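*Asks:* For the numbering used here, add 70 to where a residue sits in the sequence shown, where the first one is 1. A virtual CB, placed ideally from N, CA and C, is assigned to each residue, including glycine. Because the structure is a prediction, the values reported are computed rather than measured. Take a look at this one; I'll ask things after.
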Amino acid sequence: MDLPQAEQWGRAITGLRPRQIGALPLVYPILTALHVRQTTNDLAPSQADIDLGRIVELLTLNRLMAPQPLYHVADWLGETVLPQELGIAPEKVYDNRLGRALDQLHPHLGELWVRLVSRAIQVYDLDLSVLHWDVTSLYFEGAYTDSELATYGYSRDHRPDTKQVNLEVDVSHDGYVPVLYQVLPGNTADITRPLPHLHNLLRFLARPELADRRFRPILVSDRKMVTPEAVLACHDRHLFYLGPLANGTATEAVLRSVSVEELAARPLAYRPQRVKPDDARFVPYQGVWRPFTFEHGGQQVTDRVLVLWSAGKQRLDEEKRKTHLKRLLNKLADVQKKLNTRRYKKRTYVEQRLVAVQQGNAAQGLVDIHLTGEDAALGLSFRINRERLAAAQGLDGRYALATNAAHLSANQTLTLFKGQDGAEKRFRVVKGPLQVRPLFVRSDRRIEGLVFISLLALLVRAILERACRQAGLAVTAEQLFRGFATLQAVDLTWADGSWQRKASEMTAFQAEVLHTLGWPIADTYASPRPLLR
């Protein structure tokens, strides 16, 4: 009696092993289009059995698909289809080898990055007319005693107890694609970066590969860029800038120069993405232009500032003031209760306590405090200064955006500035899905190398999202990676010792994405290739 075909096949198969394909069909075409391997090897040729370009590809794919410390990369590699796809046996990529590769890569990081980004600009027609600049911090667990980069500094991650490095990045407004980056010591002050950053940006824009893209970009940033020195430098170097004015007397004066009635007469069309078009509860932003003069080193220039009012910011300002006032009044009441007891009998001690409870509290100027009497006979009274409170409330919801881009309308100015949030979200991707930390390396060369790999992975993610959007696919990178996580291949070992790799059937979502993008299907990554051993 003939056996059923399924049983015949079952007897012929002596082994089954799943292999992860995952998001490989989404990201590998981008690495290929960017010529990552070729460009790396052109800059850093090697006689090793695994060239440096292959290792850069491997580490970038790991950072994109399943971020691992260097000592776990080989284990991850062995569970995927990549050994055949890249021609690398997992045992060849032990952590010391990967670390040495990062050392070899280090002298070429700057040039390699700008070559890859220049190619991305050309291949994907990236628009650099508006760039967003920001600085973030990346903290690390551990001592890092031999590192000049990892040090204590102002922590944007609210981890002042850990060492950190700072990361300065420019991203395009079009797709928030990273264009330039710089790794800085963790104690670098933001105020020192505008001029060096402008120099780096201009040097990049002058590259011959970008000769057909000569333009005057608008550089959008937070208030650290909008200093008198930086503004004058932008004028000298023919760059447009856009960012908020820092707090100060001059800023307060220009905010107060616009009346409530004048603002109300200038509603703006901008609406946040979270607000539905038919939401009648949304109160439009309001904006009025005013001239503003910057002075530095005996030079001055007059630009425009857009005085803005936002209902959301007004509510936030009110809530913050209430919190600060309550905190201050409660602390003052506590001092008042303890007055003339123990240490609080001494006037000098009470004076010190009054300074301490006000320090750092944004409401300190809104409360009148009177300490009377001598030691052991002290009196303390305090009350809210209603006049100063009313003056502070008059600025609720207001802020000012400065720019020398005279061609921008009020609505365009606000829209471009709101795009700064996209740059900050890119940073969160580096810290989150790409897991730039923990790095598990100790030398500055390797820290910079893995930051480069993470930024290259970020470049690929941003290009992927942008390509999907241009193709009409309304999906985020997170949705794409999640949707492709189930994509696998199976290695079949036959009784005669031969083997075969078969890709699993794609889901409707996976098939639709690859078809819409016009990229190779999963079967492409199931073809066996020889391994380098």
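1) S242 lies in the beta strand (DSSP E); which residues open and close that run?
2) Could you compute how far the alpha carbon of P88 sits from the alpha carbon of E494?
3) Would D438 pass as a contact of N455 if the rule is Cβ separation under 8 Å?
4) Can you tell me whether W569 is helix, strand or coil according to DSSP?
5) Under DSSP, the beta strand (DSSP E) around P255 begins and ends at which residues?
6) Per DSSP, which residues does S369 bridge with? Please list them.
7) Suppose you measure from the CA of L134 to the CA of Q490; what does that come to, to the nearest Å?
8) Span of the alpha helix (DSSP H) holding T485?
9) Where does Q384 fall in DSSP's three states?
10) Under 8 Å Cβ to Cβ from L525, same chain only, skipping five residues before and after it: list those, please.
11) If you compare alpha carbons, which of Q90, L168, Q154 and A596 is closest to I125?
12) Would the segment 217 to 236 and the segment 197 to 209 be scored as touching if the rule is three or more Cβ pairs under 8 Å?
13) For the putative contact between N132 and W146, defined by C-beta atoms under 8 Å, what is the C-beta separation to the nearest angstrom?
14) In whole angstroms, give me the CA-to-CA distance for R263 and A316.
15) Output the boundary residues of the alpha helix (DSSP H) element that contains V143.
16) For N474, which residues of its own chain have a beta-carbon under 8 Å away from its beta-carbon, when the five flanking residues on both sides are left out?
17) For the beta strand (DSSP E) containing H305, list its first residue and its last residue.
18) How long is the line joining the alpha carbons of V625 and S451, rounded to whole angstroms?
19) Which of the three DSSP states, helix, strand or coil, is assigned to L562?
20) Are the beta-carbon atoms of R571 and A559 separated by less than 8 Å?
21) On the criterion of 16 or more Cβ atoms from any shown chain inside 10 Å, does A592 qualify as buried, or is it exposed?
22) Compute the Euclidean distance between the alpha carbons of E279 and T109, then round it to the nearest angstrom.
23) Which residue comes first and which comes last in the beta strand (DSSP E) that contains Y311?
24) Report the residue from F364, A350, A339 and A335 whose alpha carbon sits nearest the alpha carbon of V358.
25) Flag A159 as yes if its beta-carbon sits less than 8 Å from any beta-carbon of chain B, otherwise no.
26) Which residue wins for smallest C-alpha separation from A103, given the options R326, G492 and R189?
27) Could you tell me the alpha carbon to alpha carbon distance between F487 and W589, rounded to whole angstroms?
28) Does the Cβ-Cβ distance between K416 and D445 come in under 8 Å?
29) Let me know the secondary structure DSSP gives S451 once reduced to three states.
30) Counting C-beta neighbours from all protein chains within 10 Å, is the total for Y469 16 or more, i.e. buried, or is it exposed?
31) Within 10 Å of its beta-carbon, does A544 have 16 or more other beta-carbons around it, so buried, or fewer, so exposed?
32) By the three-class DSSP mapping on this structure, what secondary structure does D593 have?
33) For R608 and L378, I'd like the C-alpha separation in whole angstroms.
34) Can you give me the C-alpha to C-alpha distance between E575 and L557, rounded to a whole angstrom?
35) Taking L550 and L96 to be in contact with their CB atoms under 8 Å, please state how far apart those CB atoms are, rounded to whole angstroms.
36) Reducing DSSP to helix, strand and coil, say where V328 ends up.
*Replies:* Quick answer:
1) K233 to S242
2) 38 Å
3) yes
4) strand
5) P248 to P255
6) As written in the sequence, residue 369 is Gln, which differs from the Ser given in the question. Paired residues: H366.
7) 24 Å
8) A480 to K488
9) helix
10) W183, V239, P248, Y251 and V500
11) L168
12) yes
13) 6 Å
14) 16 Å
15) V143 to G148
16) V301, C304, H305, F310, Y311, V371, D373 and R374
17) Premise fails: H305 lies in the alpha helix (DSSP H), P298 to D306, not in any beta strand (DSSP E).
18) In the structure as shown, the chain begins at 71 and stops at 603. Residue 625 is therefore absent and cannot be evaluated.
19) strand
20) yes
21) buried
22) 14 Å
23) F310 to P314
24) A335
25) Note that chain B does not occur in the displayed structure, where there is just one protein chain.
26) R189
27) 35 Å
28) yes
29) strand
30) buried
31) exposed
32) helix
33) As displayed, the chain neither begins before 71 nor continues past 603, which places residue 608 out of reach and without an answer.
34) 8 Å
35) 6 Å
36) coil
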